[in-house]
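Asks: For reference, the structure I am asking about is given below.
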Amino acid sequence: MNDPSHCQDGAALSSAEDAALISEVTELCARLIRFDTSNYGGGDSRGEREAAEWTAGLLSDSGYEPVVLESAPRRASTVVRIPGEDRDAPALLVHGHLDVVPAEPADWSFDPFCGEIRDGVVLGRGALDMKDMDAMMLAIARSWARRGVRPPRDVVMAFVADEEDTGELGAGFLVDRHPDLFEGVATAIGESGGYSLHLPDASRLYPIAVGERGSAWMDLTARGAAGHGSRPGPDNAVATLATTLSALAGHRWPARIVPAVAALLDGLCAHLGITVDPADPKSLAQLGEAAKLVEATVANTLNPTILKAGYKHNVIPSEATAGVDGRILPGAEEDFFATVDALLGEKVSRSFHSFAAPVFADHESREFAAMAAALRRADPEALVLPFIMSGGTDAKAFARLGIQCYGFGPGLTPPGFDAWRYVHGVDEQVLVSSLEFGVRALEDFLRSDPLAAPTER
Numbered sequence: 287m288n289d290p291s292h293c294q295d296g297a298a299l300s301s302a303e304d305a306a307l308i309s310e311v312t313e314l315c316a317r318l319i320r321f322d323t324s325n326y327g328g329g330d331s332r333g334e335r336e337a338a339e340w341t342a343g344l345l346s347d348s349g350y351e352p353v354v355l356e357s358a359p360r361r362a363s364t365v366v367r368i369p370g371e372d373r374d375a376p377a378l379l380v381h382g383h384l385d386v387v388p389a390e391p392a393d394w395s396f397d398p399f400c401g402e403i404r405d406g407v408v409l410g411r412g413a414l415d416m417k418d419m420d421a422m423m424l425a426i427a428r429s430w431a432r433r434g435v436r437p438p439r440d441v442v443m444a445f446v447a448d449e450e451d452t453g454e455l456g457a458g459f460l461v462d463r464h465p466d467l468f469e470g471v472a473t474a475i476g477e478s479g480g481y482s483l484h485l486p487d488a489s490r491l492y493p494i495a496v497g498e499r500g501s502a503w504m505d506l507t508a509r510g511a512a513g514h515g516s517r518p519g520p521d522n523a524v525a526t527l528a529t530t531l532s533a534l535a536g537h538r539w540p541a542r543i544v545p546a547v548a549a550l551l552d553g554l555c556a557h558l559g560i561t562v563d564p565a566d567p568k569s570l571a572q573l574g575e576a577a578k579l580v581e582a583t584v585a586n587t588l589n590p591t592i593l594k595a596g597y598k599h600n601v602i603p604s605e606a607t608a609g610v611d612g613r614i615l616p617g618a619e620e621d622f623f624a625t626v627d628a629l630l631g632e633k634v635s636r637s638f639h640s641f642a643a644p645v646f647a648d649h650e651s652r653e654f655a656a657m658a659a660a661l662r663r664a665d666p667e668a669l670v671l672p673f674i675m676s677g678g679t680d681a682k683a684f685a686r687l688g689i690q691c692y693g694f695g696p697g698l699t700p701p702g703f704d705a706w707r708y709v710h711g712v713d714e715q716v717l718v719s720s721l722e723f724g725v726r727a728l729e730d731f732l733r734s735d736p737l738a739a740p741t742e743r
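All letters in the sequence shown, in the order written, are residues 287 to 743 by my numbering.
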């Protein structure tokens, strides 16, 4: 690989500065994990305020002027703007969330919030989702302060609450109540992209997220006639809802290949010298680990997730409700809701628990090219392609401000390290070597000139 301490613009990192950056990102990741910022949903969370204040303290100690904003009691986010050399250039937002999904200690082989560094690994909930990225952001900001570095453009860093629920108390709150913090921001980068996947030919793919399927979390309600459980119940709300859910779950959504997914498939097939039918799981298996990037983004999906009805065995209830999770490809909203309504029929109604429209950015932009160039400088053998996320992130909130959002949190793992197993799973952990690769590649990109043609040095 190329010299990992190289920066595209300005002076290169010295060996001592590079060593300090690497040491700090590891320690910061471990320390962030020790904040139990579990988000249980429905407004129930812990530790976000403490983590936000600690983050702000580190930034203040480095000479920056962060703000800590509370959307609800103890639901806090930290935002800081780092001035660039060209204050008139379009600014860049780098966002990471401080909250994590809960962890059941009995299921883990170590304390989920131990934040230990052991045998080249940082252990604990949030190590990959996404306190590793938070640590990279903090380490880079503090390194710049020590060295007197100013990025080419303003860089806004946001460490936000509530991403693991609806985001309304984090990114949503910032966008709705404090949009001035993001004045002049044209592009954003966040989680879920820029990490390595190993292809069947032993080459490495680094996918960059250029969009997300929309999320339609809906409540379905069936109503019928209440009655005694011992008598015939032809207008049974529970039976009606069960039949409807079966139809929804069994519906085969047609394949719909959006441009970014087509670019991913074309790039992979050309690289591997194969032909793939995206609607056939067996054919997709030829892509190895990369099949996971495609399989959930070639069609809309809908899954029943919650079911509630009744209060007593011998009473037919007048109402039954269910929760469903719908995911919608960019450009497919009208077809999605028309299909859902046809399957619901006249006896079941729907309402939104929450809704976020699909988002997408240009995978042929200068920003995408600059991210790809930074990855290739860090790993000259990198294959960099766009993809659409099957789930969602805070990008959906920031996109409401007209910001083009990408998923770019670089990392490099060896074959056999299944990051997807650990994200929201048991024994979550991140490799120190991946943090080192990531922070170098991220700093390289952040110091690239957005108006200059990217280089492949």
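All C-beta atoms in this analysis are idealised placements derived from N, C-alpha and C, irrespective of residue type, glycine included.
Taking the alpha carbon of residue 661 as the point to measure from, which residue in 319, 491, 625, 400 has its own alpha carbon closest?
Replies: It is 491.
Asks: Could you give the uninterrupted runs of the alpha helix (DSSP H) lying entirely in the segment 513-540, keeping only those of 4 residues or more?
Replies: Listed in chain order, they are 523-536.
Asks: Measure the alpha-carbon distance for residue 548 versus residue 617 and round it to whole angstroms.
Replies: Rounded to whole angstroms, residue 548 to residue 617 spans 14 Å at the Cα level.
Asks: On a CA-only basis, which of 432, 406, 524, 378 is nearest residue 634? Give me that one, please.
Replies: Per the Cα distances, 524.
Asks: Taking only runs of the beta strand (DSSP E) that begin and end inside the segment 667-712, which ones reach a length of at least 3 residues, in chain order?
Replies: Those beta strand (DSSP E) runs which fall completely within the segment 667-712 and span 3+ residues are 668-675, 690-693.
Asks: By DSSP, does residue 435 sit in helix, in strand, or in coil?
Replies: Residue 435: coil per DSSP, three-state reduction.
Asks: Can you give, in chain order, each stretch of the alpha helix (DSSP H) that sits fully within the segment 539-595 and has at least 4 residues?
Replies: The segment 539-595 contains these whole alpha helix (DSSP H) runs: 545-558, 567-570, 577-581.
Asks: Closer than 7 Å by C-beta to residue 419: which residues in its own chain qualify, once you throw out the five before and the five after it? Chain order, please.
Replies: So the qualifying residues of the chain are 382, 477, 695.
Asks: Considering only DSSP beta bridges, list what residue 440 is partnered with.
Replies: Looking at the DSSP assignment, residue 440 forms no beta bridge with any residue, so it has no partner.
Asks: What do you get for residue 600, buried or exposed, if any count of 16 or more other CB atoms within 10 angstroms of its CB means buried?
Replies: Residue 600 comes out exposed.
Asks: DSSP three-state label for residue 410, please.
Replies: DSSP places residue 410 in coil when its eight states are reduced to three.
Asks: Taking all protein chains shown into account, do 16 or more other C-beta atoms lie within 10 angstroms of the C-beta of residue 352, making it buried, or fewer, making it exposed?
Replies: Buried, by the Cβ-count rule.
Asks: For the candidate residues 470, 620, 536, whose alpha-carbon lies nearest to that of residue 688?
Replies: When only C-alpha atoms are compared, the closest one is 470.
Asks: Using a Cβ-Cβ cutoff of less than 8 Å, which residues in the same chain neighbour residue 537 once the five nearest sequence positions on both sides are dropped?
Replies: Contacts found: 588, 625, 629.
Asks: What would DSSP say about residue 627, mapped onto helix, strand or coil?
Replies: Helix, per DSSP.
Asks: How long is the line joining the alpha carbons of residue 646 and residue 496, rounded to whole angstroms?
Replies: Cα to Cα, the separation comes out at about 6 Å.
Asks: Give every residue of the same chain whose Cβ lies closer than 6 Å to the Cβ of residue 697, excluding the five residues on either side of it in the sequence, and list them in chain order.
Replies: Within the same chain, residue 697 has close Cβ partners 481, 720, 724.
Asks: For residue 484, which beta-bridge partners are listed by DSSP?
Replies: 490.
Asks: Look at the Cβ atom of residue 401, then the Cβ atom of residue 320, and state whether they are nearer than 7 Å.
Replies: Yes; because the gap between Cβ atoms is below 7 Å, this pair is in contact.
Asks: Classify residue 445: buried if its beta carbon has 16 or more other beta carbons within 10 angstroms, exposed otherwise.
Replies: Buried is the call here.
Asks: Starting from the C-beta of residue 370, find all residues in its chain whose C-beta is less than 8 Å away, skip the five residues before and the five after it, and write them out in chain order.
Replies: Excluding sequence neighbours, residue 370 sits near 377, 436, 437, 438, 439, 440, 441.
Asks: Do residue 380 and residue 423 have their CB atoms nearer than 7 Å?
Replies: Taking 7 Å as the Cβ cut-off, residue 380 and residue 423 qualify as a contacting pair.
Asks: Would you kindly check if the distance between the Cβ of residue 731 and the Cβ of residue 657 is under 7 Å?
Replies: Closer than 7 Å, so yes.
Asks: CB-CB under 6 Å to residue 728, same chain, minus the five flanking residues each way: which ones, in chain order?
Replies: Contacts found: 422, 696.
Asks: If you compare alpha carbons, which of 432, 585, 449 is closest to residue 324?
Replies: It is 449.
Asks: Would you kindly work out how many angstroms separate the C-alpha atoms of residue 508 and residue 559, rounded to a whole number?
Replies: Near 51 Å, if we compare the C-alpha coordinates of residue 559 and residue 508.
Asks: In angstroms with no decimal places, state the Cα-to-Cα distance between residue 300 and residue 457.
Replies: Whole-angstrom Cα-Cα distance: 36 Å.
Asks: If I measure Cβ to Cβ from residue 415 and keep anything under 6 Å in the same chain, skipping five residues before and after, which residues do I get?
Replies: The answer, listed in chain order, is 709.
Asks: If I'm right that residue 504 touches residue 612 with Cβ under 8 Å, what's the distance once you round it to whole angstroms?
Replies: The Cβ separation is near 6 Å, so the contact holds.
Asks: Taking 7 Å as the threshold (C-beta atoms), are residue 425 and residue 714 in contact?
Replies: In this structure, residue 425 does not lie closer than 7 Å to residue 714 by Cβ.
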